[in-house]
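*Asks:*
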Amino acid sequence: MSNAELPRTIDPNKLAEQNARLEGVIALRSLSRFADILVESDGDVSAHLQFGMDAERRRVVEGRLEAPVVLECQRCMSPMHTTLTSAFTLGLVIGDEQARQLPRDLEPFLMDNFQADLWQLVEDELLLVVPPYPLHEREECPASSTLEAFEGEADEAPDSEPEQRENPFSVLAELKKKKDDH
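Taking this note's numbering as reference, the numbering of the sequence shown is continuous, increasing by one, and the terminal residue is 185.
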């Protein structure tokens, strides 16, 4: 893997025709939307991108991303180290009409004539793999002792039968029964 920075702007059509492979890194702090959700924006995302043509001669890019990141655990609100990975295949399109014509297994990557923002592609794919609620593994979470204490209190319920509550619809059942009897 090359430690060289990936270019920001590329000509994906040309790369697809050349069956080109790009490998490199992008500093996480350079991806502003993604960096905003991180606790720390130090580090790099590693990218492996293969441009080419599929069986129907559509231009595509297959990629693999790996980014060691620090997110905020939503259980304990502490920093959580994890590695995000993404594998994808995108169809290169110029407009919405071409995007609608792609098969379901290809997501569109919109380019502007012969130019595309490669960093935006990487950032979009990273944003898609961020867990909606990042959580430490239960045994690794600093809040696990608090959780166990709380759950312990809930487990100490009396052994008696649960209180039987009256069904709120029983009145309707009685009315229906009376109506059917008439």
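No residue lacks a Cβ here, since even glycine has one placed at the ideal position from N, Cα and C.
Could you have a look at Val-42 and say whether DSSP puts it in helix, strand or coil?
*Replies:* In this structure, Val-42 counts as coil in the three-state DSSP scheme.
*Asks:* Measuring CB atoms only, is the stretch 65-75 touching the stretch 28-43, in the sense that at least three cross pairs come out at less than 8 Å?
*Replies:* These segments touch.
*Asks:* List the DSSP bridge partners of His-51.
*Replies:* Glu-26 and Arg-67, per the DSSP bridge assignment.
*Asks:* Compare the C-alpha of Arg-107 against each of Met-80, Leu-129 and Gly-94 and name the closest.
*Replies:* Minimum Cα distance to Arg-107 is reached at Gly-94.
*Asks:* For Trp-122, which of Asn-6, Ser-35, Arg-24 and Leu-105 has the nearest alpha-carbon?
*Replies:* Nearest of Asn-6, Ser-35, Arg-24 and Leu-105 to Trp-122, Cα basis: Ser-35.
*Asks:* How about Thr-3 and Pro-71: are their beta carbons less than 8 Å apart?
*Replies:* Given a span of 4 to 185 for the chain in the structure shown, any question on residue 3 remains unanswerable.
*Asks:* Val-125 lies in the alpha helix (DSSP H); which residues open and close that run?
*Replies:* Start and end: 121-132.
*Asks:* Rounding to the nearest angstrom, what Cα-Cα distance links Lys-181 and Phe-172 in this structure?
*Replies:* Going by the C-alpha atoms only, they are around 14 Å apart.
*Asks:* State the DSSP-derived secondary structure class of Phe-117, mapped to helix, strand or coil.
*Replies:* It is coil, neither helix nor strand.
*Asks:* Hey, Val-125 and Ile-29 are a contact pair by Cβ (cut 8 Å); roughly how many whole angstroms apart?
*Replies:* So it is a contact: roughly 6 Å between Cβ atoms.
*Asks:* Whole alpha helix (DSSP H) runs in the stretch 55-105 with 4 or more residues, listed along the chain?
*Replies:* Counting whole runs of 4 or more residues, the stretch 55-105 contains the alpha helix (DSSP H) stretches 99-103.
*Asks:* Taking the alpha-carbon of Leu-129 as reference, which of Arg-67, Ala-119 and Ala-176 has the nearest alpha-carbon?
*Replies:* Per the Cα distances, Arg-67.
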